[in-house]
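>
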Amino acid sequence: MKQLIDGVWEYSLINPDGFTLNIETMKPVKYGISVAYQETQNSFGKESLNGVINHALEHSKTVGGWFDTESERYYFDSVKVFKNSEIDKAIEFARENNQLAIYDMTNVKEIRIK
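Numbering (my numbering), first residue to last: -8 to 105.
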(Lines of atoms letter the chains of each structure in order from A and count residues from 1; the text may use other names and numbers.)
(Lines give C-alpha, C1' and ligand atoms only; values in the text may rest on other atoms or scores of the structure.)
Protein backbone atom coordinates (compact mmCIF):
# COMPACT_ATOMS: atom_id res chain seq x y z
CA MET A 1 0.00 0.00 0.00
CA LYS A 2 2.84 2.40 0.79
CA GLN A 3 4.15 2.10 -2.77
CA LEU A 4 0.69 2.90 -4.16
CA ILE A 5 0.26 5.88 -1.81
CA ASP A 6 3.71 7.19 -2.77
CA GLY A 7 2.93 6.68 -6.46
CA VAL A 8 -0.33 8.63 -6.32
CA TRP A 9 1.29 11.36 -4.21
CA GLU A 10 4.17 11.74 -6.68
CA TYR A 11 1.69 11.84 -9.57
CA SER A 12 -0.25 14.60 -7.81
CA LEU A 13 2.87 16.71 -7.39
CA ILE A 14 3.53 16.75 -11.13
CA ASN A 15 -0.17 17.33 -11.93
CA PRO A 16 -1.25 20.11 -9.53
CA ASP A 17 -4.05 21.32 -11.79
CA GLY A 18 -5.78 17.99 -11.35
CA PHE A 19 -5.78 14.41 -12.54
CA THR A 20 -7.80 11.23 -12.74
CA LEU A 21 -5.69 8.11 -12.36
CA ASN A 22 -6.41 4.40 -12.74
CA ILE A 23 -4.59 3.04 -9.69
CA GLU A 24 -4.26 -0.47 -11.12
CA THR A 25 -2.34 0.68 -14.19
CA MET A 26 -1.09 4.04 -12.81
CA LYS A 27 -2.17 5.58 -16.12
CA PRO A 28 -4.25 8.74 -16.43
CA VAL A 29 -7.91 8.57 -17.41
CA LYS A 30 -8.46 11.30 -19.99
CA TYR A 31 -11.99 10.76 -21.27
CA GLY A 32 -15.41 10.47 -19.69
CA ILE A 33 -17.15 12.08 -16.76
CA SER A 34 -15.59 11.86 -13.32
CA VAL A 35 -17.85 11.80 -10.25
CA ALA A 36 -16.57 11.60 -6.67
CA TYR A 37 -17.89 9.18 -4.08
CA GLN A 38 -19.28 10.85 -0.96
CA GLU A 39 -17.29 8.51 1.30
CA THR A 40 -13.98 10.11 0.36
CA GLN A 41 -15.17 13.71 0.19
CA ASN A 42 -12.99 16.28 2.00
CA SER A 43 -9.90 14.08 1.88
CA PHE A 44 -6.80 16.19 1.60
CA GLY A 45 -3.08 15.76 1.96
CA LYS A 46 -0.93 12.67 1.68
CA GLU A 47 -2.29 11.39 4.99
CA SER A 48 -5.76 10.97 3.42
CA LEU A 49 -4.54 8.76 0.58
CA ASN A 50 -4.73 5.48 2.50
CA GLY A 51 -8.51 5.81 2.93
CA VAL A 52 -9.08 7.15 -0.58
CA ILE A 53 -7.03 4.38 -2.20
CA ASN A 54 -8.66 1.65 -0.09
CA HIS A 55 -12.09 2.92 -1.18
CA ALA A 56 -10.98 3.11 -4.82
CA LEU A 57 -9.60 -0.44 -4.73
CA GLU A 58 -12.99 -1.69 -3.52
CA HIS A 59 -14.98 0.32 -6.08
CA SER A 60 -13.90 1.89 -9.39
CA LYS A 61 -10.11 1.67 -8.98
CA THR A 62 -9.82 5.35 -9.90
CA VAL A 63 -8.55 8.33 -7.90
CA GLY A 64 -8.94 11.99 -8.74
CA GLY A 65 -7.09 14.92 -7.26
CA TRP A 66 -6.53 18.65 -7.55
CA PHE A 67 -4.75 21.42 -5.68
CA ASP A 68 -7.02 24.07 -4.15
CA THR A 69 -5.09 27.34 -4.23
CA GLU A 70 -7.49 28.99 -1.78
CA SER A 71 -6.93 26.49 1.04
CA GLU A 72 -3.48 25.47 -0.25
CA ARG A 73 -4.47 21.82 0.11
CA TYR A 74 -4.34 18.92 -2.31
CA TYR A 75 -7.71 17.17 -2.38
CA PHE A 76 -8.18 13.51 -3.31
CA ASP A 77 -11.31 11.50 -4.08
CA SER A 78 -12.20 7.98 -5.04
CA VAL A 79 -14.09 8.56 -8.30
CA LYS A 80 -16.34 6.72 -10.71
CA VAL A 81 -15.91 7.44 -14.41
CA PHE A 82 -18.88 7.40 -16.77
CA LYS A 83 -18.89 7.50 -20.57
CA ASN A 84 -19.89 10.89 -21.98
CA SER A 85 -23.04 9.25 -23.37
CA GLU A 86 -23.98 8.35 -19.76
CA ILE A 87 -24.34 11.96 -18.58
CA ASP A 88 -27.74 11.25 -17.01
CA LYS A 89 -26.31 8.33 -15.00
CA ALA A 90 -23.36 10.49 -13.94
CA ILE A 91 -25.67 13.26 -12.71
CA GLU A 92 -27.86 10.77 -10.84
CA PHE A 93 -24.79 9.21 -9.19
CA ALA A 94 -23.50 12.68 -8.27
CA ARG A 95 -26.81 13.59 -6.63
CA GLU A 96 -26.84 10.29 -4.71
CA ASN A 97 -23.34 11.17 -3.46
CA ASN A 98 -24.21 14.80 -2.57
CA GLN A 99 -21.81 16.28 -5.12
CA LEU A 100 -22.13 19.87 -6.33
CA ALA A 101 -20.43 19.21 -9.64
CA ILE A 102 -19.03 16.58 -11.96
CA TYR A 103 -16.06 16.87 -14.30
CA ASP A 104 -16.20 16.24 -18.03
CA MET A 105 -12.64 15.16 -18.81
CA THR A 106 -13.31 14.81 -22.53
CA ASN A 107 -14.31 18.47 -22.89
CA VAL A 108 -12.23 19.72 -19.93
CA LYS A 109 -15.07 21.40 -18.04
CA GLU A 110 -16.86 21.31 -14.73
CA ILE A 111 -20.61 20.73 -14.82
CA ARG A 112 -22.51 22.15 -11.84
CA ILE A 113 -25.52 20.04 -10.91
CA LYS A 114 -26.98 21.81 -7.87
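Just so you know, even glycine gets a beta-carbon here, dropped at the ideal spot from N, CA and C.
Treat the numbers as computed from the prediction; the structure is a model and nothing was measured.
Can you give me the Cβ contacts of HIS50 inside the same chain, cut-off strictly under 8 Å, excluding the 5 residues immediately before and after it?
TYR28, SER69, LYS71, listed in sequence order.
> So what's SER51 in DSSP terms, helix, strand or just coil?
Reduced to three states, the DSSP call for SER51 is coil.
> Please name the residue or residues paired with LYS100 in a DSSP beta bridge.
Note: LYS100 sits in a beta bridge opposite ASP95.
> Quick one: Cα of ILE24 to Cα of GLU1, how far?
Taking the straight line from one Cα to the other gives about 24 Å.
> DSSP state of SER3, grouped into three classes?
It is helical.
> Could you check the C-alpha separation between LYS18 and LEU12 for me, to the nearest Å?
About 6 Å.
> Below 8 Å between beta carbons: does that hold for LEU40 and VAL(-1)?
Their beta carbons are under 8 Å apart, which means LEU40 touches VAL(-1) by this criterion.
> Give a yes or no on whether the C-beta atoms belonging to VAL43 and ALA85 are separated by under 8 Å.
No, they are not a contact pair.
> For ASN13, which three-state DSSP category applies?
Three-state DSSP puts ASN13 in a strand.
> With DSSP as the reference, identify every bridge partner of VAL20, one or two as the case may be.
VAL20 pairs with nothing; no bridge assigned.
> Taking ILE106 as the reference, give the member of ARG64, ASN98, TYR66 with the closest Cα.
The chain is shown from -8 up to 105; residue 106 falls before or after that span and cannot be answered.
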